[in-house]
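Colleague:
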Amino acid sequence: MATKRNYHDQLTVDNNLKLRHLLKELPGFAADYFRAIEPSTSSRTRIAYAYDLGVFFHYLKENNPSLKNTAITDIPLSFLDQLKPRDIEEYLDYLKVYERGEDEHTNETQGIKRKLASLRSFYRYFYTNEDIQTNPASIVSLPKLREKEIIRLDVGEVALLLDEVEKGDKLTKKQQGYHEKTKIRDVALMTMLLGTGMRVSECVGIDLKDIDNRNMAVKIRRKGGYEFVVYLSDEVYQVLMEYVEVRKQQLAAEGHEDALFLSLQNKRISVRSVEKLVSKYANLITTMKHITPHKLRSTYGTNLYRETGDIYLVADMLGHKDVNTTKKHYAAIDEERRRANRNALRLRESD
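Going by my numbering, the first residue of the sequence shown is number 2, and it counts up by one from there.
1) Identify the residues that DSSP records as bridge partners of R101: which are they?
2) Can you check whether the CB of S44 is closer than 8 Å to the CB of T13?
3) Tell me the rounded alpha-carbon separation between A254 and N267.
4) Determine the burial state of D187: buried for a count of at least 16 other Cβ atoms within 10 Å of its Cβ, exposed for fewer.
5) Taking the continuous alpha helix (DSSP H) assigned at R222, which residues delimit it?
6) From the DSSP output, in three-state form, read off R21 for me.
7) Taking Cβ to Cβ, would you say E91 is nearer than 8 Å to T287?
8) Determine, using beta carbons only, whether V272 and V166 come nearer to each other than 8 Å.
9) Can you list, in chain order, the residues of its chain whose CB lies under 6 Å from that of K290, leaving out five sequence neighbours each side?
10) Is V230 helix, strand or coil when you go by DSSP?
11) Report the rounded CA-to-CA distance for E228 versus H321, giving the unit in angstroms.
12) Might you give, ordered along the chain, the residues of its own chain that have their beta carbon closer than 8 Å to the beta carbon of L353, omitting 5 neighbours on each side?
13) If you draw a straight line from the C-alpha of Q83 to the C-alpha of K329, how long is it?
14) Compare the Cα-Cα distances from R215 to each of V240, Y232, I312 and V324 and report the closest residue.
15) How would you call P294, buried or exposed, if buried means at least 16 neighbouring beta carbons within 10 angstroms?
16) Got a sec? Which residues, its chain only, sit under 7 Å from P86 by beta carbon, not counting five neighbours each side?
17) May I ask you to list the residues that DSSP assigns as paired with I212?
18) For H180, collect the residues of the same chain with a Cβ closer than 8 Å to its Cβ; drop the 5 residues on either side in sequence, then sort them by chain order.
19) When you compare each of D10, K145 and K175 to G226 by their alpha carbons, which one comes out closest?
20) Exposed or buried, which one is T74 when buried takes at least 16 other CB atoms within 10 Å?
21) Okay, do the stretch 191–206 and the stretch 237–250 touch, 3+ Cβ pairs below 8 Å being the bar?
22) Quick one: what does DSSP say R269 is sitting in, helix, strand or coil?
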């Protein structure tokens with residue numbers, strides 16, 4: 002009989018199986034690297050690294066004449082020593098736009114930076130273990146990211162968004178048909194995201210048993226696998242309880258009985274479905290801002306920081322391991338506060 006796993010453990014198993022498949026398309030020596038980084042990385046991170054390295058080795062296969070008759074899986078570790086920093090730079094330029102089969106792929110600066118970071122980690126492992134003599138990836142500079150304005154909803158837009166989720170009268174006729182069935186769920190989902198700042202993956206992973214009614218709290222699983230208790234405001238808790246009453250009447254599909262948020266197929270709602278849901282409702286109130294679940298998270302962080310001024314509390318609630326990450330995102334609010342309080346201290350009474 003198969004072991005019943007919770008959502009997060011099953012996701013890790015699925016990711017490990019996917020990684021195993023990706024490793025079959027990489028050189029044999031890559032397996033040593035992935036075993037070494039397993040204790041310090043999530044399964045999702047390892048999949049991203051495997052994908053990035055797959056792009057790298059496909060590039061080498063297509064562009065290096067010496068590999069013309071060599072399968073990617075047969076590329077020897079010693080080949081890494083033949084590459085120079087200029088080869089890595091040419092690879093980064095290739096990443097801006099390339100074709101794989103019939104598909105065209107593009108990368109902005111962030112994507113190129115991530116792929117170089119994964120290649121640096123790969124090279125560093127073998128160089129540190131003295132399996133190779135050179136480390137050209139470490140010499141190539143990371144692309145410089147341009148500072149982007151953080152997109153978030155203002156207070157008025159938050160209220161307007163929740164109103165639209167509740168009413169649904171601006172949706173198409175077809176969408177309104179679905180809305181009648183999902184309205185209470187959708188309001189609860191959007192309220193949870195806006196009222197707690199949790200990641201969408203954390204939200205969809207909540208089970209019914211994770212709700213603590215006595216303390217008006219919910220237990221979630223953070224990135225890295227650790228559990229975290231989120232205390233809900235009266236407003237968020239009330240909306241959630243209205244949905245829970247509806248959820249108790251639903252017959253979940255086999256294997257999804259524990260899930261809090263269900264899809265129309267009575268299965269645990271997916272991250273992708275929530276992303277589409279957020280986009281659908283957000284487009285009803287603004288076309289000037291591209292709103293995603295992550296933008297709702299930024300909205301929560303902004304509002305919490307404005308209300309409390311406690312950057313450490315915001316970092317804790319958002320699950321940031323480094324408070325400097327939080328400071329960088331909300332520095333503009335500090336600037337606003339300093340400007341608004343420039344006359345707070347009086348040295349002498351005016352006449």
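The beta carbon of each residue, even a glycine, is placed where N, CA and C say it ideally should be.
Only a predicted model underlies this, so the values are computations on that prediction, with no experimental measurement involved.
Modeller: Walking through what the data contain:
1) Partner(s): D104.
2) Taking 8 Å as the Cβ cut-off, T13 and S44 qualify as a contacting pair.
3) Taking the straight line joining both Cα atoms gives about 5 Å.
4) Counting of Cβ neighbours within 10 angstroms places D187 among the buried residues, the total reaching 16 or more.
5) Careful: R222 lies outside any alpha helix (DSSP H), inside the beta strand (DSSP E) at A218 to R222.
6) R21 carries a helical assignment under DSSP once its states are collapsed to helix, strand and coil.
7) It is not a contact, given that the beta carbons lie outside the stated cut-off.
8) Contact: no.
9) I152
10) strand
11) 14 Å
12) The requested residue 353 does not occur in the structure, where the chain is confined to residues 2 to 352.
13) Cα-Cα distance, rounded: 39 Å.
14) Per the Cα distances, Y232.
15) It is buried - the Cβ of P294 has at least 16 other Cβ atoms within 10 Å.
16) P137, I140 and V141
17) V219
18) G169, L172 and D187
19) D10
20) Taking a 10 Å sphere around the C-beta of T74, we find fewer than 16 other C-beta atoms and assign the residue as exposed.
21) yes
22) Look at R269 here: in three-state DSSP terms it is strand.
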